[in-house]
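Top line first, the protein sequences correspond to chains G and C. According to UniProt numbering, the first sequence is numbered sequentially starting from 1. According to UniProt numbering, the second sequence is numbered sequentially starting from 1. Just so you know, even glycine gets a beta-carbon here, dropped at the ideal spot from N, CA and C. Down below is the structure, laid out as structure tokens.
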Amino acid sequence: MTTLKNYILHHKKKAATLAAFRVLFGVLMLGSLIRFVSMDWVAKFYILPKWHFTYYGFGWVKTLGIYTYGLFAIAIIACVGIIIGYKYRISMILFFLSFTYIELIDKTTYLNHYYFVSVMSFLLIFLPLHATFSIDAKNKGIDYKYVPSWTVDSIKLILGIVYFYAGLAKLNSDWLLRAQPLKIWLSTKTNMPIIGSFMNQSWFHYTMSWSGMLYDLSIPFLLLIRKTRPYAFVAVVVFHVFTRILFDIGMFPYIMICLTLIFFDSSLHEKFLLGLKKAFKINVSECNTTVELYSFKRLKNILFIISLFIVIQLFLPFRNLCYPGELFWTEQGFRFSWRVMLMEKVGYTNFTVKDSVSGKQFHVKNSDFLTSFQIKQMSFQPDFILEYAHLLGDHFKSQGHQNIQVFAESYVALNGRLNQLFIDPKVDLYKQEEGFHNKTWILPLNDEIKGL
Amino acid sequence: MKKLILIIITSSLLISCVKENNGDIAIEKDNFNRSLILSNWVQNIVLPAYADFKIKLNDLKSKEQNFTANPNTTTLTELQDALFQAQLVWQHVAMFDLHRNSSEKASYRLFMNTYPIDNETSIGNSNEDDATLIDHLENGDASNIELDRSNAIDEQGFPAVDYLINGVALSKYTTDPKKENYKAYLTKVVDRMVSLTNNVVSYWNNNADAIIANSGSSATASFDLMLNDYINYVEQGFRESKIATPSGKRSGDEFKNELAVESYYSAEHSKALFDEAYKAVKNLYYGISYDETNTGTSIDAYLKYLNAEFFNTSDKKDYKIADYIDTKFADIEAVTQDLDDNFVTQINTDNTKLFTTFNVIQEYVILIKTNTFQALNVRIDYVDADGD
Numbered sequence: 001m002t003t004l005k006n007y008i009l010h011h012k013k014k015a016a017t018l019a020a021f022r023v024l025f026g027v028l029m030l031g032s033l034i035r036f037v038s039m040d041w042v043a044k045f046y047i048l049p050k051w052h053f054t055y056y057g058f059g060w061v062k063t064l065g066i067y068t069y070g071l072f073a074i075a076i077i078a079c080v081g082i083i084i085g086y087k088y089r090i091s092m093i094l095f096f097l098s099f100t101y102i103e104l105i106d107k108t109t110y111l112n113h114y115y116f117v118s119v120m121s122f123l124l125i126f127l128p129l130h131a132t133f134s135i136d137a138k139n140k141g142i143d144y145k146y147v148p149s150w151t152v153d154s155i156k157l158i159l160g161i162v163y164f165y166a167g168l169a170k171l172n173s174d175w176l177l178r179a180q181p182l183k184i185w186l187s188t189k190t191n192m193p194i195i196g197s198f199m200n201q202s203w204f205h206y207t208m209s210w211s212g213m214l215y216d217l218s219i220p221f222l223l224l225i226r227k228t229r230p231y232a233f234v235a236v237v238v239f240h241v242f243t244r245i246l247f248d249i250g251m252f253p254y255i256m257i258c259l260t261l262i263f264f265d266s267s268l269h270e271k272f273l274l275g276l277k278k279a280f281k282i283n284v285s286e287c288n289t290t291v292e293l294y295s296f297k298r299l300k301n302i303l304f305i306i307s308l309f310i311v312i313q314l315f316l317p318f319r320n321l322c323y324p325g326e327l328f329w330t331e332q333g334f335r336f337s338w339r340v341m342l343m344e345k346v347g348y349t350n351f352t353v354k355d356s357v358s359g360k361q362f363h364v365k366n367s368d369f370l371t372s373f374q375i376k377q378m379s380f381q382p383d384f385i386l387e388y389a390h391l392l393g394d395h396f397k398s399q400g401h402q403n404i405q406v407f408a409e410s411y412v413a414l415n416g417r418l419n420q421l422f423i424d425p426k427v428d429l430y431k432q433e434e435g436f437h438n439k440t441w442i443l444p445l446n447d448e449i450k451g452l
Numbered sequence: 001m002k003k004l005i006l007i008i009i010t011s012s013l014l015i016s017c018v019k020e021n022n023g024d025i026a027i028e029k030d031n032f033n034r035s036l037i038l039s040n041w042v043q044n045i046v047l048p049a050y051a052d053f054k055i056k057l058n059d060l061k062s063k064e065q066n067f068t069a070n071p072n073t074t075t076l077t078e079l080q081d082a083l084f085q086a087q088l089v090w091q092h093v094a095m096f097d098l099h100r101n102s103s104e105k106a107s108y109r110l111f112m113n114t115y116p117i118d119n120e121t122s123i124g125n126s127n128e129d130d131a132t133l134i135d136h137l138e139n140g141d142a143s144n145i146e147l148d149r150s151n152a153i154d155e156q157g158f159p160a161v162d163y164l165i166n167g168v169a170l171s172k173y174t175t176d177p178k179k180e181n182y183k184a185y186l187t188k189v190v191d192r193m194v195s196l197t198n199n200v201v202s203y204w205n206n207n208a209d210a211i212i213a214n215s216g217s218s219a220t221a222s223f224d225l226m227l228n229d230y231i232n233y234v235e236q237g238f239r240e241s242k243i244a245t246p247s248g249k250r251s252g253d254e255f256k257n258e259l260a261v262e263s264y265y266s267a268e269h270s271k272a273l274f275d276e277a278y279k280a281v282k283n284l285y286y287g288i289s290y291d292e293t294n295t296g297t298s299i300d301a302y303l304k305y306l307n308a309e310f311f312n313t314s315d316k317k318d319y320k321i322a323d324y325i326d327t328k329f330a331d332i333e334a335v336t337q338d339l340d341d342n343f344v345t346q347i348n349t350d351n352t353k354l355f356t357t358f359n360v361i362q363e364y365v366i367l368i369k370t371n372t373f374q375a376l377n378v379r380i381d382y383v384d385a386d387g388d
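Now the structure itself:
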């Protein structure tokens, strides 16, 4: 207990580490947001769709229509605040709220890396990333030399969880024994220079699968150990660049490459800041009082929140254990658990709306209600299928139809298996409710995927 | 430190080599040259089929002129035959729609061949006008009809011509008080078909090279677009319109609707049109040229090149997707060879055969849209969003 107390109160790291992290994080987020807007995805994902798929419990988060651009504007301005360290805490809160709100509008666009951004920015709200090299420090006239070690370590811990849990998730028979889904994904990429000729070869699929698993499981530790750190960072760069070349994964590789720099010694971060000072001719005024160690005003409260947050992060990814059935198939407890690139899953799902009294029924044309992107995502994810069934039921009810029942005809192919019936076609989905209970109307996968 | 800078510089160089996969020009991702497929499809299937279709439509136009100038049984029979010939070739071009490339509300395919014709007065549907096709002919004035509205899709095209020349007595053009209106409407409909087709044909002629050149792998690459158009046609134009709607597959046997049979007023041709459409569906998959003289590169060859397999969970073995698709075509043929030449007869005698037909086509659709699209890395969403 005393060691823990000692660690919290007296262990310290250079404040430059957090400041460098703040600048990198801000710049990467700014880049991501600008890229998102420039791809016209704001309109495509948040404005044009008639209906949105919401997260359970967050149905109240609605698209703001054209004003969604306003949310992006807020997030972008917040990024600038983060980069220069101006009203840092407010900027970070604004960024977290606006970014998370955007993500909550429609789960069609769910990506682990967006979730990662929300998780990281929530943590950063409580950390003194503006302790030095910031407008805040300048205005306040106080420049901190050190911050408590735990502030830096909590960031490392979150990064470590992301990698390690992604590695744990790869410990399954599809990934290790069938080299799926990499086999499917790599097979069509044979024209890449040099390595292209391997792309359609089994040994290459297995090598990539196993090395990916080993990489994810070991990289947090290799980054922590001083001796292996430079090699680990080379591995980080190679791994992420490789995934960027092979797959359309946007900014995520760059984000991970840059953020893992936090594992390095503070001398590197100081040099980075010095470089920035020179490059942008930033004049750090001499009148600043330098204070040795940053101290929190409400340390206990903040420690409580961060501890709770980390405990949640540690256990949430295992919630799938509460559900029977194949995780990849039912996806109950699949999101928010760093299960990255584990599935090649595609579905074909259509709906019939029936009047239970007259027996009259008709077929729903999905494109009348959903965008092609939404149709694709809806077709293989049970919670989407259920929500869509309810949206359809409500829609046709409002049109004057009565005694409505909604049935799905759904076929899904997972990791190279032949497609099979996914949803019980006899179950009226309009009567089924979303919740944390097991979805009994998902038909079982005719196979077993062993492992975590 | 220096090492680190070196690493960052090299990696950023590496990264900058990676093209964003969102523009019109995309990375070509496998050695199998997708432009081989595109060039086979465009040069050997699309262009010859459209060229032939244009000839057949011009013939329809000239027979229509003969008929309206001199309506008698001879000119009528010639016109009826010209219609059937054009309908046959239509089955080969219907899947090459250009909806996304035009700003029109409804697609070329819908304007050309939406059936059944408008023969009921819709109540409370704001998208519909109240007039049926028969109203237009009996009480309206052909010169006032605007056929380019999207709610007029079922008052024109092949189904309207079918009604006008196979569904009414010859006297409507000779002795009937509204004969001039009938003639005018017929002319107007045929002229519109010719002009719509001319636009589409010139689009394909002018853009053939660009379409073939856009041979990458992305949501906007030609291969992905054409394959999506293809399977959408198999679903909507082929499975739904020809089988599901008339048989009442979606709504139950008691809601079958013989009026929804393609070419209802000359329904003796309905099976022939279906067979021709099936041939087109199969030919595109195997890459068989429009004149059926040679087999080029297509989906079948691509799947074989990739050695694409699926895992059968019941016997825990891998099977070739291409072989499995062969069996799906065989299933469709086994079922459809027993169908009556006249689908109206089929519906009224043994509708379940059409249900079975629907089911075997559906199996093909599902196999293409799931395992095949996965294996070929085809985007089905038209959007290049990020993955993770």
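Rounded Cβ spacing between residue i and residue j (contact assumed at less than 8 Å)
i              : j              : result
residue 18(G)  : residue 159(G) : Between residue 159(G) and residue 18(G) the Cβ distance is about 14 Å, and since that is not below 8 Å, they are no contact.
residue 456(G) : residue 344(G) : Given a span of 1 to 452 for chain G in the structure shown, any question on residue 456(G) remains unanswerable.
residue 324(C) : residue 273(C) : Contact flag wrong, Cβ pair sits at about 28 Å.
residue 57(C)  : residue 194(C) : 5 Å
residue 364(G) : residue 346(G) : About 19 Å separates the two Cβ atoms, so there is no contact after all.
residue 273(G) : residue 43(G)  : Residue 273(G) to residue 43(G), Cβ: 38 Å. No contact.
residue 38(G)  : residue 74(G)  : Incorrect: roughly 18 Å between the Cβ atoms, too far for contact.
residue 266(G) : residue 13(G)  : 6 Å
residue 137(C) : residue 179(C) : Incorrect: roughly 10 Å between the Cβ atoms, too far for contact.
residue 328(C) : residue 363(C) : 6 Å
residue 404(G) : residue 355(G) : 7 Å
CB contact flag (residue i, residue j, <7 Å)
i              : j              : result
residue 253(G) : residue 164(G) : no
residue 276(C) : residue 110(C) : no
residue 68(G)  : residue 47(G)  : yes
residue 126(G) : residue 257(G) : no
residue 35(C)  : residue 289(C) : no
residue 311(C) : residue 318(C) : yes
residue 143(G) : residue 290(G) : yes
residue 166(G) : residue 216(G) : yes
residue 37(C)  : residue 297(C) : yes
residue 179(G) : residue 206(G) : yes
Counted within 10 angstroms of its Cβ, other Cβ atoms place residue i as buried (16 or more) or exposed
i              : result
residue 218(C) : buried
residue 90(G)  : exposed
residue 200(C) : buried
residue 139(G) : exposed
residue 332(C) : buried
residue 378(C) : buried
residue 283(G) : exposed
residue 104(G) : buried
residue 7(G)   : exposed
residue 347(C) : buried
residue 311(G) : exposed
residue 203(G) : exposed
Cβ-heavy atom distance, residue i to the ligand ZN, below 6 Å
i              : result
residue 177(C) : Of ligands this structure carries none, so the ligand ZN is not represented either.
Does the region 47-58 of chain G come within contact of the region 300-314 of chain G, defined as at least 3 CB pairs closer than 8 Å? no
Three CB pairs or more closer than 8 Å across the region 184-195 of chain C and the region 164-173 of chain C: yes
Name the residues in the region 304-337 of chain G whose C-beta lies less than 7 Å from a C-beta of chain C; which are they? none
For the region 246-269 of chain C, list every residue whose C-beta sits within 7 Å of some C-beta in chain G, in sequence order. 250, 251, 252
Output, in sequence order along the chain, the residues in the region 298-311 of chain C whose CB is closer than 8 Å to any CB in chain G. 306, 307, 308, 309, 310, 311
Would you call the region 321-333 of chain G and the region 149-156 of chain G in contact, with 3 or more CB pairs under 8 Å? no
Contact set between the region 350-380 of chain C and chain G, restricted to residues whose Cβ is under 8 Å from the partner: 365, 366, 367, 369, 370, 371, 373, 374, 375, 376, 377, 380
Mind the definition here: the region 424-438 of chain G touches the region 359-379 of chain G only if three or more C-beta pairs lie below 8 Å; say whether that holds. no
On the three-pair Cβ rule with 8 Å, is the region 368-386 of chain G touching the region 134-151 of chain G? no
According to a CB-to-CB cut-off of less than 7 Å, which residues of the region 278-298 of chain C neighbour chain G? none
Examine the Cβ distances between the region 250-260 of chain C and the region 68-83 of chain C and report whether three or more of them are shorter than 8 Å. Put simply, the region 250-260 of chain C does not touch the region 68-83 of chain C. Fewer than three CB pairs are less than 8 Å apart.
Can you give me, in chain order, the residues of the region 224-246 of chain C that have a beta carbon less than 7 Å from any beta carbon in chain G? none
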